[in-house]
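Residues 2 to 410, numbered by this note's numbering, are exactly what the sequence shown covers, in order.
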Amino acid sequence: MKVTLTAEAVVHGGETLARHEGRVVFLRGAAPGDVVEAELTGEGRFERARPLRVLQRGSVHVDPPCAIVDRCGGCPVQHVAYEAQLAAKQELTADALERIGGFARNSYEFAAIVPSPKQFRYRRRARLHRTSGGGWGFAHPGSTAVEPVDECLLFERLLQELADAARCAGELAGVTDLGLLAGETKGAIDLRVKASVTPGLRRRAEKLLDHRLVRGVTLHGEILGDPVIADPALPNGARLRARPDTFAQANRVMVPFLQREAAQALGGARHVLELFCGSGTLTLPLLGDARRITTVENAGPSLALLRRSADDAGLAVKLVAGDAADVVRAFDGPLDAVLLDPPRTGAADAVRALGSLGAPRVVYVSCDAPTLARDGRILAQAGYRLVRAAPLDLFPQTAHFEVVATFTR
Numbered sequence: 002m003k004v005t006l007t008a009e010a011v012v013h014g015g016e017t018l019a020r021h022e023g024r025v026v027f028l029r030g031a032a033p034g035d036v037v038e039a040e041l042t043g044e045g046r047f048e049r050a051r052p053l054r055v056l057q058r059g060s061v062h063v064d065p066p067c068a069i070v071d072r073c074g075g076c077p078v079q080h081v082a083y084e085a086q087l088a089a090k091q092e093l094t095a096d097a098l099e100r101i102g103g104f105a106r107n108s109y110e111f112a113a114i115v116p117s118p119k120q121f122r123y124r125r126r127a128r129l130h131r132t133s134g135g136g137w138g139f140a141h142p143g144s145t146a147v148e149p150v151d152e153c154l155l156f157e158r159l160l161q162e163l164a165d166a167a168r169c170a171g172e173l174a175g176v177t178d179l180g181l182l183a184g185e186t187k188g189a190i191d192l193r194v195k196a197s198v199t200p201g202l203r204r205r206a207e208k209l210l211d212h213r214l215v216r217g218v219t220l221h222g223e224i225l226g227d228p229v230i231a232d233p234a235l236p237n238g239a240r241l242r243a244r245p246d247t248f249a250q251a252n253r254v255m256v257p258f259l260q261r262e263a264a265q266a267l268g269g270a271r272h273v274l275e276l277f278c279g280s281g282t283l284t285l286p287l288l289g290d291a292r293r294i295t296t297v298e299n300a301g302p303s304l305a306l307l308r309r310s311a312d313d314a315g316l317a318v319k320l321v322a323g324d325a326a327d328v329v330r331a332f333d334g335p336l337d338a339v340l341l342d343p344p345r346t347g348a349a350d351a352v353r354a355l356g357s358l359g360a361p362r363v364v365y366v367s368c369d370a371p372t373l374a375r376d377g378r379i380l381a382q383a384g385y386r387l388v389r390a391a392p393l394d395l396f397p398q399t400a401h402f403e404v405v406a407t408f409t410r
């Protein structure tokens, strides 16, 4: 069924909201203010529509530079002017905190979203999936189908060259996922397989080390060469390290903004418990300024990288390997604040445990506003008050962004 729709606002996931005969319709590929001819698809719980053509452009509609933006799905707001992307993410933060968390908009300090200095060519890491034709690409939203991608306009130049190097390495039989991580001058590659590693695949992986840009490979957990990427030194001498099979923030130019916001949110807290510390993105800048940091992480390789970074800089930090909720329940040391940066799914179990821990301040760094709001509601039920929310756009052209939320009691 063909209908004419007016796109109203960007919603979570990067779709735009429209209305037809009193019902909400979700559109992909339309900018707020666009009038489009679309076909209702009836997909999922809500009515969705596929735009067929734009009848009238809205004021924030721009021409996306990517030729496959409509097929790939990784940049659902690339056709929206960047200032409008920022405004949408600001609104999505406030909406989630109010609608899901129950935090009235005028009840906390709401910082203006921090824009990314780079809107394209900002990604230093990526994970590509095998296509049915043997190439590499990105998964379609809500589907297992993979769109072949030769060039991504979000990739840093070095990351693009790493992807090209992997493609030129010949047949990597058995590899299902290709992880890429770019450093300053070289990068590393992660190869994941469903079955066991064959001698032929190992030889192919070792051959990648001959490329001038590849310093190391991780092959189903096995280390070839030196896949550790070390960032430039922080003011305290520490260097953040990552591997292509561990987590690293994708937008390196925005990391200092995220670190600064988290550090400022902690205020004068001396004794800090950090959950989901990874390899130390937020930890390392805090070391050496009289704070006592206890960090918790259940990913062994990430914790080992953090240990190396702290030791090489002569900085003290206590590392705990384990589940965040279990550690919180057993924690009995002095505590001024808790800092946590969980995965997109949030940290409901750990947050519930925080209620009885007694920390006067909780700083929650989130890459998903709805789960932040959900976990924030749990904190509120334990007596915490949201005092500040600060969104940062680490992912231009996408539906994702970060929020640093501060709770006190």
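All C-beta atoms in this analysis are idealised placements derived from N, C-alpha and C, irrespective of residue type, glycine included.
Less than 8 Å between the CB atoms is what I'm expecting for residue i and residue j, so what's the real figure, rounded?
i: A127; j: L160; result: 6 Å
i: P149; j: D191; result: Contact flag wrong, Cβ pair sits at about 20 Å.
i: G347; j: R375; result: 6 Å
i: A174; j: G238; result: A174 to G238, Cβ: 44 Å. No contact.
i: P77; j: T399; result: 7 Å
i: A243; j: L306; result: 7 Å
Which residue marks the beginning of the beta strand (DSSP E) containing residue i, and which one marks its end?
i: G138; result: W137 to A140
i: A19; result: T17 to H21
i: A251; result: Counting along the chain, A251 falls outside any beta strand (DSSP E), and DSSP gives it neither H nor E.
i: R193; result: G188 to V194
i: R124; result: R124 -> no beta strand (DSSP E), and no H or E assigned at all.
i: A322; result: K319 to A322
Opposite residue i in the DSSP bridges: which residues?
i: G226; result: G217
i: H130; result: G138 and D178
i: P392; result: V404
i: I294; result: V273
i: P52; result: A39
i: E110; result: R389
i: L341; result: L276 and Y365
i: A231; result: R242
Could you have a look at residue i and say whether DSSP puts it in helix, strand or coil?
i: S367; result: strand
i: V12; result: coil
i: F258; result: helix
i: I379; result: helix
i: E152; result: coil
i: Q91; result: helix
i: T199; result: coil
i: R308; result: helix
i: R410; result: coil
i: V61; result: coil
i: R244; result: coil
i: T5; result: strand
i: T183; result: Sequence check: residue 183 is Ala here, not Thr. It is a strand residue.
i: R24; result: strand
i: V352; result: helix
Tell me the residue span of the alpha helix (DSSP H) that contains residue i.
i: L358; result: Per DSSP, L358 belongs to no alpha helix (DSSP H) and is neither H nor E.
i: L288; result: Taken as a continuous stretch (DSSP letters only), L288 belongs to no alpha helix (DSSP H), as it is neither H nor E.
i: R72; result: V70 to C73
i: R158; result: R158 to R168
i: D327; result: A325 to A331
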